[in-house]
Amino acid sequence: MTARNGQPAGGPFRKKPLMQLVGECTARNALRRVLTPWELLFLGIGSTVGAGIFVVTGVAAGNYAGPAVVLSFVISGIVALFAAMCYVELASMVPCAGSAYVYAYAGIGEICAWIIGWDLILEYAFSISAVAVGWSGYVATLFAGAGFPLPAAFSNAYGVSGGIVNLPAILIIMAITILLTFGVRGSALINNIIVIFKIAVILLFLFLAAGHIDAANYTPFMPYGWGGILTGASIVFFAYIGFDAVTTAAEETANPRRNIPIGIIGSCVIVMVLYIAVAATLTGIVPYTALHNNNAPISSALSAIGIPWGAALVSAGAIAGLTSVLIVTLFGQTRIFYAMAQDGLLPRVFSAVHPVYRTPLLVTLITGSATAVIAGLLPLDIIVELVNVGTLSAFFIVAITVVILRRTDPDAPRTFRTPLVPFVPLLCMLFCLGLIAVLPAITLLRFVVWLAVGLVIYFLYGYRHSVLGGAPAG
């Protein structure tokens with residue numbers, strides 16, 4: 001496809017053929033298929049269990065659903081399972097970096113790929129910020145337990161508990177940003193160790209708290225009604241974000257038809273059970289009103305029932321787990337920029353690699369600086385709401401893509417097929433729209449403004465510099 005008369009060819013709905021995508025992926029990666037179901041399961045759990053369980057559970061219970069937050073986790077977990085099955089099918093067809101952005105490029109067209117890529121930039125950026133705020137909350141709890149409380153003015157966002165700026169959140173993001181510029185990357189062994197540690201900390205909390213559950217704390221069970229439960233579901237959906245990391249390992253997996261579904265669906269089910277158990281226990285040992293705007297609910301709850309050493313251990317486990325999530329998420333953000341820049345939709349500088357460290361230095365510094373500002377100045381509820389609207393939109397696009405590719409490329413190789421198409425993708429889309437609809441109107445307005453800015457950038461730059469539209473490759 002070439003440009004004619006200075007205008008890009010194909011229009012904004014031009015698509016990348018599936019075989020072209022697979023060819024590009026093969027040219028970049030000649031990886032051995034060695035990953036086992038257990039390694040994929042650990043990868044899925046490791047990338048999912050983080051700020052969602054250690055932080056957002058308290059926000060959802062205290063601000064939206066009360067003790068009925070357990071139902072919020074069930075609802076959002078079902079949506080995650082539907083989305084996971086759609087992700088599995090697309091990953092088995094197009095095992096490339098870029099996730100939903102790449103899938104949309106093949107199934108719907110370039111402008112939709114741009115929208116979802118721009119959306120993923122928002123999702124990743126605010127995910128990093130949310131995790132950093134949670135990290136800060138557990139650091140503050142750990143210091144307070146040791147008798148050295150951090151000043152509220154410098155450990156909370158402006159307007160939250162007398163805060164001015166969340167300095168620990170800023171510092172951890174900048175520290176990891178500096179590390180990543182030098183090429184620091186985690187190994188499968190380190191990830192497995194951290195996963196075991198995180199699960200052990202969660203099980204320890206359940207064990208220590210079980211004897212302190214007071215049934216009176218479950219009354220009223222639904223203080224905010226079904227509206228609060230659904231809003232809570234849209235908030236705790238953040239806790240399920242991360243399973244798509246398994247899909248990016250499709251081309252490195254032995255027997256992907258069997259192992260990828262085990263990794264994704266298995267990790268979804270395991271974390272759902274853990275989340276429901278933690279939510280039920282947390283709201284049973286302290287009144288849900290005590291969880292309002294609490295950035296470290298699990299350790300705070302243990303302190304409240306007189307187990308400070310348990311609170312300290314949980315804080316240490318949460319800090320370690322959240323640090324690993326920060327590293328993975330901040331590193332993963334650069335993959336979206338890289339894929340879009342390689343396609344010409346963003347300036348080539350965003351895919352530039354440092355000649356010595358072999359890392360995307362500029363985009364890492366930009367992402368780190370921007371997310372540090374967000375984490376330092378915005379309260380957790382606003383950050384999480386923006387993450388969720390971005391993620392739900394991405395899942396919606398993935399579900400549409402499954403349906404479209406079943407019609408346009410019915411004979412394309414698929415090592416896994418989503419069951420009951422089009423019903424499962426349609427249910428996924430309906431649930432996603434439902435959860436988006438119950439988010440605060442101001443959150444939706446912010447998201448629309450973000451997408452509008454993205455479309456302006458696309459038509460002013462991306463459309464005219466697209467490699468698929470005829471612009472020279474970088």
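Read in order, the letters of the sequence shown are residues 1 to 474 in our numbering. No residue lacks a Cβ here, since even glycine has one placed at the ideal position from N, Cα and C.
Could you tell me the alpha carbon to alpha carbon distance between I116 and V453, rounded to whole angstroms?
Here residue 116 refers to the residue found at position 116 when the sequence shown is read from its first residue. Here residue 453 refers to the residue found at position 453 when the sequence shown is read from its first residue. Spanning the two alpha carbons is a distance of roughly 13 Å.
Closest residue to E89 among V403, G62, R446, L468 (Cα-Cα distance):
Here residue 89 refers to the residue found at position 89 when the sequence shown is read from its first residue. Among V403, G62, R446, L468, the Cα nearest to that of E89 belongs to V403.
When you compare the CB positions of W114 and G462, do they come within less than 8 Å of one another, or not?
Residue numbering aside, residue 114 sits at position 114 when the sequence shown is read from its first letter. Residue numbering aside, residue 462 sits at position 462 when the sequence shown is read from its first letter. Result yes, Cβ atoms of W114 and G462 sit closer than 8 Å.
Given 8 Å, three or more beta-carbon pairs between the segment 63 to 78 and the segment 135 to 153
no
Would you list the one or two residues that DSSP bridges to N166?
One-based indexing of the sequence shown puts residue 166 at position 166. In DSSP, N166 forms a bridge with S155.
Using 8 Å as the threshold, is the segment 351 to 361 in touch with the segment 323 to 342, meaning 3 or more CB pairs across them?
yes
Residues near I307 by beta carbon distance below 6 Å, same chain, minus five either side
By one-based count along the sequence shown, residue 307 stands at place 307. So the qualifying residues of the chain are L208.
Taking the alpha carbon of L120 as the reference point, which residue from W135, L203, P379, I397 has its own alpha carbon closest?
The residue you call residue 120 lines up with position 120 of the sequence shown. The residue with the shortest Cα to Cα distance from L120 is I397.
Hey, quick one: how far does the alpha helix (DSSP H) through D411 stretch, first residue to last?
On the sequence shown, position 411 is the one that residue 411 refers to. Counting along the chain, D411 falls outside any alpha helix (DSSP H), and DSSP gives it neither H nor E.
Measure how close the beta-carbons of P419 and M85 come, nearest whole angstrom, since I'm counting them as under 8 Å.
In the sequence shown, counting from the first residue as 1, residue 419 sits at position 419. In the sequence shown, counting from the first residue as 1, residue 85 sits at position 85. With 8 Å as the limit, P419 and M85 qualify as a contact, their Cβ atoms being about 7 Å apart.
Taking the continuous alpha helix (DSSP H) assigned at G434, which residues delimit it?
For the purposes of this step, residue 434 is identified with residue 434 of the sequence shown, where counting begins at 1. First-last of the alpha helix (DSSP H) with G434: 423 to 437.
Return the chain-ordered list of same chain residues with a C-beta closer than 6 Å to the C-beta of I305, the five sequence neighbours on each side being excluded.
The count along the sequence shown starts at 1 and reaches residue 305 at position 305. Excluding positions up to five away in sequence, the list reads H212, I285.
DSSP state of Y124 mapped onto helix, strand, coil
Walking along the sequence shown from the start, residue 124 turns up at place 124. The answer is helix: DSSP assigns Y124 an H, G or I state.
Determine the direct distance from the alpha carbon of P360 to that of L180, and round the result to whole angstroms.
For the purposes of this step, residue 180 is identified with residue 180 of the sequence shown, where counting begins at 1. For the purposes of this step, residue 360 is identified with residue 360 of the sequence shown, where counting begins at 1. About 9 Å.
Among the residues of its own chain, which have a CB less than 8 Å from the CB of N217, if the five just before and after it don't count?
Numbered from its first residue, the sequence shown carries residue 217 at position 217. Counting only Cβ-Cβ distances below 8 Å, and skipping sequence neighbours, we find P67, T283, G284, I285, V286, P287, Y288.
Element boundaries [alpha helix (DSSP H), containing R526]:
A query on residue 526 cannot be resolved here, the shown segment of the chain reaching from 1 to 474 and no further.
Rounded to the nearest angstrom, what separates P297 and I193 at their Cα positions?
As a working note, residue 297 is residue 297 in the sequence shown. As a working note, residue 193 is residue 193 in the sequence shown. When rounded, the distance between both Cα atoms is 24 Å.
Collapsed DSSP secondary structure at D119 in the structure displayed
On the sequence shown, residue 119 is found 119 positions in, with the first residue counted as 1. Residue state, collapsed to three classes: helix.
Report the option in K15, A372, V273 whose CA atom is closest to the CA atom of S76.
The residue labelled residue 76 in the question sits at position 76 within the sequence shown. Closest by alpha carbon: V273.
Between I270 and F243, which are expected to be in contact by the criterion C-beta below 8 Å, what is the C-beta distance as a whole number of angstroms?
Position 270 of the sequence shown, counted from the first residue, corresponds to residue 270. Position 243 of the sequence shown, counted from the first residue, corresponds to residue 243. At roughly 11 Å, the Cβ-Cβ gap does not stay under 8 Å, so I270 and F243 are not in contact.
Could you name the residues of the same chain whose beta carbon sits closer than 6 Å to that of M222, not counting the 5 residues immediately before and after it, in chain order?
Along the sequence shown, one-based indexing puts residue 222 at 222. A68.
Report the rounded CA-to-CA distance for M476 versus A140, giving the unit in angstroms.
Residue coverage of the chain in this structure runs from 1 to 474, which leaves residue 476 outside it and unanswerable.
Three-way DSSP call (helix, strand, coil) for Y103 in this model:
Start at 1 with the first residue of the sequence shown, and residue 103 comes out as number 103. It is helical.
Three-state class that DSSP yields for A296 in the structure shown:
Within the sequence shown, numbered from 1, the residue matching residue 296 stands at position 296. Note: A296 maps to coil in three-state DSSP.
In chain order, each alpha helix (DSSP H) run of at least 4 residues that lies wholly inside the segment 25 to 87
37 to 48, 57 to 60
If I follow the unbroken alpha helix (DSSP H) through V325, where does it start and stop?
Here residue 325 is taken as the residue at index 325 of the sequence shown, counted from 1. Its alpha helix (DSSP H) spans residues 308 to 342.
State the DSSP-derived secondary structure class of F13, mapped to helix, strand or coil.
For the purposes of this step, residue 13 is identified with residue 13 of the sequence shown, where counting begins at 1. DSSP places F13 in coil when its eight states are reduced to three.
Once you ignore the five residues that flank N325 on each side, which residues in its own chain have a CB closer than 6 Å to its CB?
Within the sequence shown, residue 325 is the residue found at index 325, counting from 1. With the sequence shown as reference, residue 325 is identified as Val, and Asn is not the correct amino acid for it. Excluding residues within five positions, the ones whose Cβ falls inside 6 Å are G50, V131.
Just reading off the alpha helix (DSSP H) that G368 is part of, what are its end residues?
As a position in the sequence shown, residue 368 is number 368, starting the count at 1. Run containing G368: 361 to 377, per the alpha helix (DSSP H) assignment.
Nearest neighbour of K524, chosen from G109, T48, S47 [CA to CA]
Residue 524 lies beyond the stretch modelled for the chain, which goes from 1 to 474, so this question has no answer here.
I need the straight-line Cα distance from F13 to L345, nearest angstrom please.
Along the sequence shown, read from residue 1 onward, the residue named residue 13 stands at position 13. Along the sequence shown, read from residue 1 onward, the residue named residue 345 stands at position 345. So the two alpha carbons sit approximately 14 Å from each other.
Cβ pair A301, V70 closer than 8 Å:
Here residue 301 refers to the residue found at position 301 of the sequence shown. Here residue 70 refers to the residue found at position 70 of the sequence shown. Not in contact: A301 and V70 (Cβ atoms no closer than 8 Å).
Does the distance from the CB of S92 to the CB of I260 come in under 8 Å?
Residue 92 sits at position 92 when you count from the first residue of the sequence shown. Residue 260 sits at position 260 when you count from the first residue of the sequence shown. Yes, the pair counts as a contact, with Cβ atoms nearer than the cut-off.
Less than 7 Å between C-beta atoms, sequence neighbours within five positions excluded: which residues of the same chain meet that for I276?
For this step, residue 276 is matched to residue 276 along the sequence shown. Closer than 7 Å at Cβ, skipping near neighbours: V70, F73, V74.
Count the other CB atoms within 10 Å of the CB of N255; is the residue buried (16 or more) or exposed (fewer)?
Locating residue 255 in the sequence shown gives position 255, where the first residue counts as 1. Exposed: under 16 other Cβ atoms inside 10 Å.
Nearest residue (CA-CA) to G134, options P151, F148, S155:
Counted from its first residue, the sequence shown places residue 134 at position 134. It is S155.
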